[in-house]
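Numbering (the UniProt record's numbering), first residue to last: 1 to 738. Note that the Cβ used here is the ideal one computed from N, Cα and C, for glycine as well. See structure below.
So, in structure tokens, the structure goes:
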């Protein structure tokens, strides 16, 4: 409404003063105005328009008071030729003077945020290249340079290289004429006007409420100046363009000014566990067969086929879902679940990270659920930490995320697996009876020590490869046993896995650092160098004789240093080579990866590929690994080894002592409680223990608690309070300790 009234006013005034109007065409960008004061204040504020931001003459710029109200602030633009003609433009209006009598208005309220940024960027691009006419190539440059922009995604889905398109755009812009010196500001080109008209037609065709980037991109293909020339060799038909647009935007209408937050919501907020399994990115899942089988049974039901996995942190709830993904890839599931995808929703954080306004969280979650339901049950949605989603977003009119899930779960549109802890389940899900009855419970308890050892053995190869060290079986057993005994605040197998990871990282740091022997030789050589410099100052006979001996020792030390450095480098290179070969073997060590690829090659009659997988690459890598291992073993048998390559149970014990604080020298050695009837020797045992630890029984402080039954008797231990009798005397316990 403001735009239309401003345009009408401008047209009337321009007609009345056509002989006085300047014939130059100007573009006025009001959205970049810089307020001099807070526009939200109730009193009058001053605003200034910056001519340097718009490329306008200085005479066009003036500061003036504006009475602030609830309406958008208005900026009076006074023309230099006829100061009496003053025009009011609302904040957020882009006005292009396309003739002495006509002005094209574009309001920010009519476009999405990213589309508006692209239009503003087109004006900036023209100014950057010192070009007066803003054309379609400037808009293309602005859209392609947007970070995570929709235009880049559209071209990628259509099979068009964004880099080549951007490079062609740069070249085309650089070939256009430039204006040097004082100019009258940017002018809107006729081709860009036509592009905007075509974009508005697409907007009307799609039934959208705002002009968005997809409308501008589709309009580029009919742009006679630059678009048709750019895409003429691509032969991208209309249907393929629409398919690429659907792949990026789905079938969602543009109903707000930030629709990009809902596009590709499944890709932004979820990871495909089945695809990660095929690529060998997920660790093997050892055990949990009963829980995985129970999950498959529930998912195969006709109704109530959603489940919640309940267990303490670290027991392996996520591993159960990863085990399901492994089975789907292997085909070890009922026919109903074959070729299904398991998408892992990252939780509340992934949904709220793009949210800027109230309601954005719910819109993002609805977009994810809508995309999942569009696959007609071919996607199994896994929501970890469901308690962060259920109950989230409930702030003054916003819908609870749990209420978004319930209708889809009840109608069978969604196959969903959620995970949470027992306490959070009781707090958030059990209190909502409607939500609770839609999930079947699968309890996941901590594994036994024996099962934990099996899990660690299954994970050992991955951790050896990551850290470049070996992990002994005794270290695995010690990690499971000691963590279960001493680390009580966490659950198996998580705490045992962390022990192995920590010990391997510590050994890796020791290997990559300079060996102790080499450090000592370097220090000794540095000491002799300093002594040599000191002796050179003195010219007496004793100093010269000592200097000659010192140089001989230094030469011998340098030779030892060189020899040790060569041995260290040789051993490190062998270990690095072994690690690189193992990394190449990763795809062959994943779950039936070789067999799957061989079967696929045989079905496609690619016999060369099948033969290579069966006896080519795998056999060659195994042979190289065996040779490298043999060389490293021979090197260490020769007694030249300087590095320790294996994590042992001794390393695990050290990590446990560090974590539990047993290695702290300021902590007590131990605390004992002796229980037994009177006269059996409890006090004598304490005296014997003191004599063993401190070589004297006098190190024992004996306090008979039967003497401190009264409430006030505690003052005898720590001393009386100020003002009481005996305040000057020390307490029995404090005096002995002091």
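Limits of the unbroken beta strand (DSSP E) element including residue i
i: residue 418; result: 415-420
i: residue 345; result: 341-345
i: residue 270; result: 270-272
Rounded separation between residue i and residue j - CA only
i: residue 735; j: residue 422; result: 50 Å
i: residue 115; j: residue 269; result: 23 Å
i: residue 224; j: residue 366; result: 40 Å
i: residue 395; j: residue 362; result: Note on residue 395: pLDDT 47, under 50, position unreliable in the model; the coordinate value appears next. Each residue's alpha carbon lies about 11 Å from the other.
i: residue 519; j: residue 426; result: 58 Å
i: residue 240; j: residue 420; result: 43 Å
i: residue 410; j: residue 113; result: 36 Å
i: residue 740; j: residue 210; result: What is shown of the chain runs 1 to 738, which leaves residue 740 out entirely.
i: residue 201; j: residue 314; result: 55 Å
i: residue 495; j: residue 488; result: 9 Å
i: residue 110; j: residue 196; result: 12 Å
i: residue 121; j: residue 138; result: 8 Å
i: residue 30; j: residue 123; result: Since pLDDT at residue 30 reaches only 37, below the 50 mark, its modelled position is unreliable, and no value is offered.
i: residue 157; j: residue 217; result: 13 Å
i: residue 733; j: residue 700; result: 12 Å
i: residue 259; j: residue 149; result: 12 Å
i: residue 99; j: residue 177; result: Annotation note: pLDDT 44 at residue 99 (below 50); position unreliable, no value reported.
i: residue 514; j: residue 563; result: 14 Å
i: residue 534; j: residue 511; result: 36 Å
i: residue 319; j: residue 285; result: 6 Å
i: residue 722; j: residue 714; result: 15 Å
i: residue 730; j: residue 678; result: 31 Å
i: residue 271; j: residue 378; result: 15 Å
i: residue 536; j: residue 549; result: 13 Å
i: residue 275; j: residue 648; result: 35 Å
i: residue 466; j: residue 716; result: 60 Å
i: residue 337; j: residue 413; result: 15 Å
i: residue 300; j: residue 498; result: 35 Å
i: residue 476; j: residue 689; result: 34 Å
i: residue 485; j: residue 451; result: 15 Å
i: residue 691; j: residue 720; result: 32 Å
For residue j and residue i, believed in contact at Cβ under 8 Å, the rounded distance
i: residue 447; j: residue 654; result: Not confirmed; about 25 Å, so no contact.
i: residue 273; j: residue 282; result: 7 Å
i: residue 307; j: residue 442; result: 5 Å
i: residue 383; j: residue 321; result: Actually they are not in contact, since the Cβ atoms of residue 383 and residue 321 sit about 10 Å apart, beyond 8 Å.
i: residue 179; j: residue 130; result: 6 Å
i: residue 340; j: residue 292; result: In fact, because the Cβ distance is near 14 Å, the residues do not count as touching under 8 Å.
i: residue 438; j: residue 406; result: 7 Å
i: residue 528; j: residue 569; result: Contact flag wrong, Cβ pair sits at about 23 Å.
Per DSSP, the bridge partner or partners of residue i
i: residue 443; result: 310
i: residue 470; result: 646
i: residue 382; result: 344, 417
i: residue 564; result: Paired residue(s): none; residue 564 is not in a bridge.
i: residue 211; result: 111
i: residue 187; result: 133
Unbroken alpha helix (DSSP H) run spanning residue i, endpoints
i: residue 197; result: 190-206
i: residue 515; result: First-last for residue 515: undefined, no H or E at that position.
i: residue 338; result: Unbroken run through residue 338: none, as it is neither H nor E.
i: residue 228; result: 227-231
i: residue 403; result: 401-410
i: residue 718; result: 715-718
i: residue 683; result: 682-694
i: residue 436; result: 433-436
Next item on the list: Identify every run of the beta strand (DSSP E) within the stretch 98-164, keeping only runs that are complete inside it and at least 3 residues long; order them along the chain.
Entry: Taking only runs of at least 3 residues, the beta strand (DSSP E) segments lying wholly in the stretch 98-164 are 102-107.
Item checked: Sequence ranges, alpha helix (DSSP H) only - wholly within the stretch 275-321, length at least 4 -> Within the stretch 275-321, the complete alpha helix (DSSP H) runs of at least 4 residues are 289-299.
Margin query: Quick check for students: name the residue ranges of the alpha helix (DSSP H) that lie wholly in the stretch 463-508, counting only runs of 4 or more.
Written below: 473-486, all fully within the stretch 463-508.
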